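Protein chains in written order, with the working numbering: chain A, 1 to 260; chain B, 261 to 520. Even glycine gets a Cβ: it sits at the ideal position worked out from N, Cα and C. Note that this is a predicted model, so its numbers are computed, not measured. Structure record follows, encoded as structure tokens.
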């Protein structure tokens, strides 16, 4: 009998998140599923890893072809522990999410969900992060089933180019069905914080921060634009941050000491 | 009188780190200096940001043209607070480090030092992360003075292309002087963890993790290769993670639902 694909599932919204539950349900229809979820909400933890010897991992559920663990580390820790400690074989794919909240645009930089996918990609494992453009804890994910299954099966069958994973962002459910999938670039945009300070009793200033995301990109080829128009966006996402196109312009630094 | 450039200095090794002290000393010879350092060691915190309203910032030192604050957030928080809350004007440059430990190769992904530089870059501010290939708390930084000053002055004078910052890695001090600067690409490599488990009294498994970095790149155009040969490496580092070169290959995903 052919061995079923091993699917490692993780997220950054904690083990009770509805989006994780949906992703696990869908993955169990495709293969053997190992879940390693964060214990707490780890949104915006980026590619943080735990360096202190303080991690704990506990088995929460087990049934044939399915195990669910919870870990007090970050999403990146969960991925590492998943395939380096909890599994005898390398996963055929790592899927992360479904995140409650978009990871389009520069959100990908802060995202624990995408960091988990990128970590797997760095170790040569096919990886996809799924995110919905809604922060609601009770968000509706049912319009995504067919797409998530089709994308996952395609990656399992055909793989991904070396050095990239997929950042998949879904529009919220609306009156009309999703129009399709678009391959996109990451939109320009940024979070602008609004800090409010008060005097701390122990000295210093306590800060409360609100934040607003500002898109700075009018392009129709971005992940933001796709979602706004009820398409699913897929950004092929790399961890090689080298901006080779600027080697020439930056070349001047090789000579700065000779100039003096 | 011409206004001196405003230099925002941060790091991820905490406010007492020797590398931070060296960078502050050098920057004070160039311009007005605002330091916002992490309170604790925040190595490997990646692009993590604090979302809970729990940040605290305290003034530690002040003299003409110089202020030093400490913050209990992450390096990215320090940058945000530095120019959005503590300063009336936008910094002319953000410098981060000098990190105790290399941020060459894929270390850049995990690095709080580089995340701080990238965060500034995302907001259109010139930014440079400086790191030394030594984890020693008492590491020798004195062979770097002229290079750090020359690089910083060049960036202040000529700027950087939009959307990139510099990841500068220095070799340890050796018998021979540094040979020069090389513009490099990020080397391939990864951390391999070694987990050891023990039964927790509260149930579950506690994990101790050691880790070893493995270079997987023989190229002579990498940051790793430059440092190994006693050169300073500079990688132009981007936050746009879009792997445009794979748009064609990934294009198949636009049709997966039609295939069914």
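Are the CB atoms of residue i and residue j nearer to each other than 8 angstroms?
i: residue 496 of chain B; j: residue 250 of chain A; result: yes
i: residue 133 of chain A; j: residue 186 of chain A; result: no
i: residue 278 of chain B; j: residue 377 of chain B; result: no
i: residue 56 of chain A; j: residue 465 of chain B; result: yes
i: residue 254 of chain A; j: residue 424 of chain B; result: no
i: residue 266 of chain A; j: residue 168 of chain A; result: Limits of chain A in this structure are 1 at one end and 260 at the other, which puts residue 266 of chain A out of reach.
i: residue 141 of chain A; j: residue 366 of chain B; result: no
i: residue 354 of chain B; j: residue 330 of chain B; result: no
i: residue 286 of chain B; j: residue 357 of chain B; result: no
i: residue 342 of chain B; j: residue 296 of chain B; result: yes
i: residue 44 of chain A; j: residue 270 of chain B; result: no
i: residue 125 of chain A; j: residue 91 of chain A; result: yes
i: residue 463 of chain B; j: residue 54 of chain A; result: no
i: residue 380 of chain B; j: residue 487 of chain B; result: no
i: residue 241 of chain A; j: residue 474 of chain B; result: no
i: residue 149 of chain A; j: residue 29 of chain A; result: yes
Could you tell me whether any Cβ in chain A is nearer than 8 angstroms to the Cβ of residue i?
i: residue 350 of chain B; result: no
i: residue 399 of chain B; result: no
i: residue 381 of chain B; result: no
i: residue 503 of chain B; result: yes
i: residue 445 of chain B; result: yes
i: residue 473 of chain B; result: no
i: residue 393 of chain B; result: no
i: residue 390 of chain B; result: no
i: residue 436 of chain B; result: no
i: residue 262 of chain B; result: no
i: residue 335 of chain B; result: no
i: residue 340 of chain B; result: yes
i: residue 361 of chain B; result: no
i: residue 424 of chain B; result: yes
i: residue 463 of chain B; result: yes
Does residue i get closer than 8 angstroms to chain B when you measure Cβ to Cβ?
i: residue 151 of chain A; result: yes
i: residue 57 of chain A; result: yes
i: residue 109 of chain A; result: yes
i: residue 247 of chain A; result: yes
i: residue 115 of chain A; result: yes
i: residue 171 of chain A; result: no
i: residue 199 of chain A; result: no
i: residue 206 of chain A; result: yes
i: residue 181 of chain A; result: yes
i: residue 106 of chain A; result: yes
i: residue 154 of chain A; result: yes
i: residue 161 of chain A; result: yes
i: residue 16 of chain A; result: no
i: residue 254 of chain A; result: yes
i: residue 193 of chain A; result: yes
i: residue 250 of chain A; result: yes
Find the residues of chain D that neighbour residue i, judging by a C-beta separation of less than 8 angstroms, and give them in chain order.
i: residue 190 of chain A; result: In the displayed structure, chain D is absent; the protein chains listed are A and B.
Considering only residues of the same chain and omitting the five flanking positions on each side of residue i, which have a CB-CB separation below 7 angstroms?
i: residue 115 of chain A; result: 46, 47, 75 and 76
i: residue 434 of chain B; result: 490
Within its chain, find whatever has a CB closer than 6 angstroms to the CB of residue i; leave out the 5 residues flanking it on each side and keep chain order.
i: residue 264 of chain B; result: 291 and 292
i: residue 476 of chain B; result: 448 and 449
i: residue 101 of chain A; result: 135
i: residue 302 of chain B; result: 272, 334, 335 and 372
i: residue 198 of chain A; result: 206
i: residue 170 of chain A; result: 132, 144 and 232
i: residue 469 of chain B; result: 453 and 455
i: residue 123 of chain A; result: none
For residue i, which residues from the same chain have a beta carbon less than 8 angstroms from its beta carbon, with the 5 sequence-adjacent residues on both sides left out?
i: residue 179 of chain A; result: 229, 230 and 231
i: residue 87 of chain A; result: 6, 8 and 34
i: residue 40 of chain A; result: 14 and 72
i: residue 211 of chain A; result: 191, 192, 193 and 194
i: residue 426 of chain B; result: 377, 387, 388, 389, 411, 415, 420, 494, 495, 496 and 497
Checklist entry - What are the residues of the stretch 290 to 316 of chain B that lie near chain A, defined by any Cβ-Cβ distance shorter than 7 angstroms? => result Residues 303, 304, 305, 306, 307, 308, 309, 311, 313, 315 and 316.
Item to check | the stretch 479 to 501 of chain B: positions lying closer than 7 angstroms to chain A by Cβ | outcome: 494, 495, 496, 497, 498, 499, 500 and 501
Next on the checklist: Runs of 3 residues minimum, wholly inside the stretch 322 to 365 of chain B: which ones carry the beta strand (DSSP E) assignment?
Outcome noted: 326 to 331 and 353 to 360
Checklist entry - In the stretch 154 to 185 of chain A, which residue ranges form an unbroken beta strand (DSSP E) of at least 3 residues, counting only runs that do not cross its ends? => result Contiguous beta strand (DSSP E) elements confined to the stretch 154 to 185 of chain A occur at 164 to 170 and 181 to 183, taking only those with 3 or more residues.
Checklist entry - Residue ranges of each beta strand (DSSP E) run of no fewer than 3 residues wholly in the stretch 449 to 487 of chain B, ordered along the chain? => result 449 to 459 and 465 to 475
Item to check | Entirely enclosed alpha helix (DSSP H) segments - the stretch 14 to 60 of chain A, minimum 4 residues | outcome: 18 to 28
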